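Worksheet: one structure, shown below.
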Amino acid sequence: MKVAVASGKGGTGKTTVASSLFSVWPELAAAIDLDVEEPNLHIFLCQEPALRRKVWLEVPELDEDRCTYCGLCSEICQFKAISIFEGVGLTFPEMCHGCGGCFQVCPADALKIERREIGSIHGNQRFLMGRLRVGEAMSPPLIRQVRLEAQRIFDPGMDIIIDAPPGVSCPAAAAVRDTDYILLVSEPTPFGCHDLKLAHEAFKPFGIPMGVVVNRAGIGNDEIYTYCADQGLEIISEIPFDRNVAAAYSSGHIVAGFSKHLGDLFSSMAGYIRQKALQSAG
Ligand code: SF4
Ligand code: SF4
């Protein structure tokens with residue numbers, strides 16, 4: 015059973031919520047940080063990872079001696095990473111997503127496998143994160159690899175909490191797509207509400223149940239509450255705006271452990287989300 019903690023923009027408190035939920039989760043859980051461009055969940059959950067490995071993508075290199083310039087590889091590549099003209103073939107490894115399609119369709123065995131380093135995976139038996147290589151533009155292939163690694167090393171009976179990348183583009187969609195519940199973290203400001211709307215609209219087509227946590231409750235205005243009520247989007251909890259909470263977070267402490275009140279708040283949130291996710295997982 016998987017729960018994604020997501021947000022329409024960065025800085026809403028997504029990692030605060032993910033780390034706190036992990037710390038009070040009612041069953042054995044593992045966590046994955048798929049915010050591979052700026053991972054920071056490890057600061058709370060795994061500062062000294064036992065596992066560290068580089069991740070490579072298999073990309074094609076054209077063997078001009080074998081190529082017949084039939085163009086099949088170029089036709090199948092959705093990412094324009096191969097172009098074939100009459101008697102000329104070009105590959106663009108930095109645009110390749112490593113889907114393997116071109117290798118499969120080439121009838122002349124004219125594509126050799128090259129490797130491109132896209133980042134690294136770090137973690138242990140209950141935590142994994144991806145870290146995108148500096149200069150690497152595409153995060154979905156690394157996100158895919160982190161998910162595969164999780165399948166390999168996590169106990170299959172464990173619940174999984176995913177810290178998704180902020181925003182609503184491909185990396186965020188890749189992180190929430192096959193989960194059982196999406197928790198949207200937002201704040202009660204016009205900006206927060208705007209980004210919540212974007213995330214809600216972007217993830218709705220997946221048909222996964224969603225709920226909202228309002229972080230820094232007490233600041234801003236009521237726009238977010240009106241939107242959620244109009245959309246039938248459940249606000250499952252509110253985390254009060256509190257200087258001490260921000261101080262605990264900035265010093266690397268899990269917020270759920272900061273006070274009994276916050277511990278109880280996150281425990282009841284975790285129990286409720288787990289119930290919703292289990293219903294969704296059927
Ligand atoms: S499919 Fe193979 S033979 Fe055809 S253009 Fe591509 S590399 Fe060349
Ligand atoms: S592996 Fe996939 S993405 Fe990469 S060049 Fe081949 S078809 Fe395109």
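Per our numbering, residue 15 is the first one in the sequence shown, and the count goes up by one each step.
Using N, Cα and C, we set each Cβ at its ideal position, and we do this for glycine too.
Since we're looking at a predicted model, the values are computed, not measured.
Cβ-Cβ distance between residue i and residue j below 8 Å
{"i": "asparagine 229", "j": "valine 182", "result": "no"}
{"i": "isoleucine 135", "j": "glutamine 159", "result": "yes"}
{"i": "alanine 32", "j": "alanine 189", "result": "no"}
{"i": "alanine 178", "j": "alanine 45", "result": "no"}
{"i": "proline 107", "j": "valine 73", "result": "yes"}
{"i": "phenylalanine 255", "j": "alanine 262", "result": "no"}
{"i": "leucine 71", "j": "proline 154", "result": "no"}
{"i": "glycine 133", "j": "valine 226", "result": "no"}
{"i": "glutamate 201", "j": "glycine 232", "result": "no"}
{"i": "leucine 125", "j": "cysteine 116", "result": "yes"}
{"i": "proline 121", "j": "leucine 86", "result": "yes"}
Near ligand 1: residue i beta-carbon under 7 Å from a heavy atom
{"i": "proline 107", "result": "no"}
{"i": "glycine 103", "result": "yes"}
{"i": "glycine 114", "result": "no"}
{"i": "cysteine 81", "result": "yes"}
{"i": "cysteine 120", "result": "yes"}
{"i": "leucine 125", "result": "yes"}
{"i": "cysteine 91", "result": "no"}
Heavy atom of ligand 2 within 7 Å of residue i beta-carbon
{"i": "alanine 188", "result": "no"}
{"i": "alanine 95", "result": "yes"}
{"i": "valine 69", "result": "no"}
{"i": "isoleucine 174", "result": "no"}
{"i": "proline 74", "result": "yes"}
{"i": "histidine 111", "result": "yes"}
{"i": "cysteine 184", "result": "no"}
Distance cut-off 7 Å: residue i Cβ against heavy atoms of ligand 4
{"i": "isoleucine 98", "result": "No copy of ligand 4 appears in this structure; the ligands present are ligand 1 and ligand 2."}
Burial state of residue i, where buried means 16 or more other Cβ atoms lie within 10 Å
{"i": "glycine 144", "result": "buried"}
{"i": "arginine 288", "result": "buried"}
{"i": "valine 259", "result": "buried"}
{"i": "aspartate 236", "result": "exposed"}
{"i": "valine 69", "result": "buried"}
{"i": "cysteine 34", "result": "The amino acid occupying residue 34 in the given sequence is serine; cysteine does not appear at that position. Buried, by the Cβ-count rule."}
{"i": "serine 12", "result": "Since the first residue shown for the chain is 15 and the last is 296, residue 12 is missing from the structure and cannot be characterised."}
{"i": "proline 170", "result": "exposed"}
Review point. Considering only residues of the segment 210-261, which uninterrupted beta strand (DSSP E) runs meet the minimum length of 3 residues and lie entirely inside it, listed in chain order?
Key: 224-231 and 248-254
**Study point:** Length-filtered (4 minimum) alpha helix (DSSP H) runs lying within the segment 52-80
**Key:** 56-59
Practice item. Would you list, in sequence order, the uninterrupted alpha helix (DSSP H) runs of no fewer than 4 residues that lie entirely inside the segment 98-139? Key: 115-119
Exercise for review: Could you say if the segment 215-228 and the segment 43-59 meet the contact criterion of at least three C-beta pairs nearer than 8 Å?
Suggested key: no
Review point. Is the segment 34-54 in contact with the segment 275-283, if contact means three or more CB pairs nearer than 8 Å?
Key: yes
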